[in-house]
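Residue numbers (the UniProt record's numbering): 1 to 188.
Written out below as structure tokens is the structure these notes cover.
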């Protein structure tokens with residue numbers, strides 16, 4: 001009996017769970033990702049003769065994609081998705097995020113958005129407390145999708161082969177608190 005999973009899924013096991021420890025792990029060691037990238041490799045409409053070539057192209061594209069993430073110091077974990085897809089959970093370590101935040105603040109200062117001078121003596125705790133969740137997600141999105149020349153990974157859904165979509169994960173704690181305060185009003 002043949003394995004129902006394509007060889008790309010079987011090969012993906014070697015990419016599983018790059019080390020991502022630190023402030024983003026909970027007590028049980030679960031990792032909380034910033035973004036999820038859907039990597040889909042459709043096999044519908046691919047003839048048996050060209051299936052091996054198609055899978056080889058998908059493996060090459062997948063390795064290239066993961067190489068782009070590693071090149072900008074992002075951590076990731078790969079999990080099985082729906083049929084013929086992999087979910088890549090992307091986590092931005094604090095040191096990488098701090099670098100991007102500093103660059104963003106310099107850019108804001110140069111364009112006149114930020115008036116206060118950028119101080120090298122800002123402690124990590126002050127920066128961490130000033131960083132909102134939405135700003136964190138914006139910075140991670142810039143790292144993932146930004147041009148390689150500007151320090152980004154250059155991963156763009158629809159442009160990169162087999163990369164279907166990129167989306168942030170919901171903050172369940174915020175959703176519970178936030179939605180509890182929102183009332184629904186139905187206009188008649």
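C-beta atoms are modelled at their ideal positions from N, C-alpha and C, and glycine is treated no differently.
Bear in mind that the values here come from a model prediction, so they are computed numbers and not experimental data.
Euclidean distance between Cα positions of residue 109 and residue 101: 12 angstroms
Simplified DSSP state of residue 40, which is helix, strand or coil: In the three-state DSSP reduction, residue 40 falls in the strand class (E or B).
Cβ shell of residue 67 (< 7 angstroms), same chain only, five flanking positions each side left out: Correct list: empty, nothing qualifies.
Run of the alpha helix (DSSP H) containing residue 98, from where it starts to where it stops: 94 to 110
Three-way DSSP call (helix, strand, coil) for residue 165 in this model: strand
Contact under 8 angstroms by Cβ, residue 140 with residue 153: Against a cut-off of 8 angstroms, the Cβ pair of residue 153 and residue 140 comes out as no contact.
For residue 77, the residue or residues it bridges with in DSSP: Paired residue(s): 89.
Environment of residue 80 [buried if 16+ CB atoms lie within 10 Å]: exposed
C-alpha distance - residue 221 paired with residue 71, whole-angstrom precision: Here the chain covers residues 1 to 188 and nothing more, so residue 221 does not appear.
C-alpha distance - residue 58 paired with residue 37, whole-angstrom precision: 15 angstroms
Supposed close pair residue 166, residue 157 - CB separation, criterion 8 angstroms: 5 angstroms
Alpha-carbon spacing of residue 84 relative to residue 53, whole angstroms: 16 angstroms
Nearest-angstrom Cα separation, counted from residue 43 out to residue 114: 50 angstroms
Identity of the residue in 138, 173, 177 and 160 nearest residue 41 by Cα: 160
Proximal residues to residue 26 (C-beta, below 6 angstroms), its chain only, five neighbours per side dropped: Low local confidence applies: a pLDDT of 48 at residue 26 is under 50, so the model's placement there is unreliable, with the coordinate-based value given in what follows. Once the five neighbours on either side are set aside, residue 26 has no close Cβ partner at all.
Residue range of the alpha helix (DSSP H) that includes residue 83: No residue range can be given for residue 83, since it is assigned to no alpha helix (DSSP H) and is classified by DSSP as neither H nor E.
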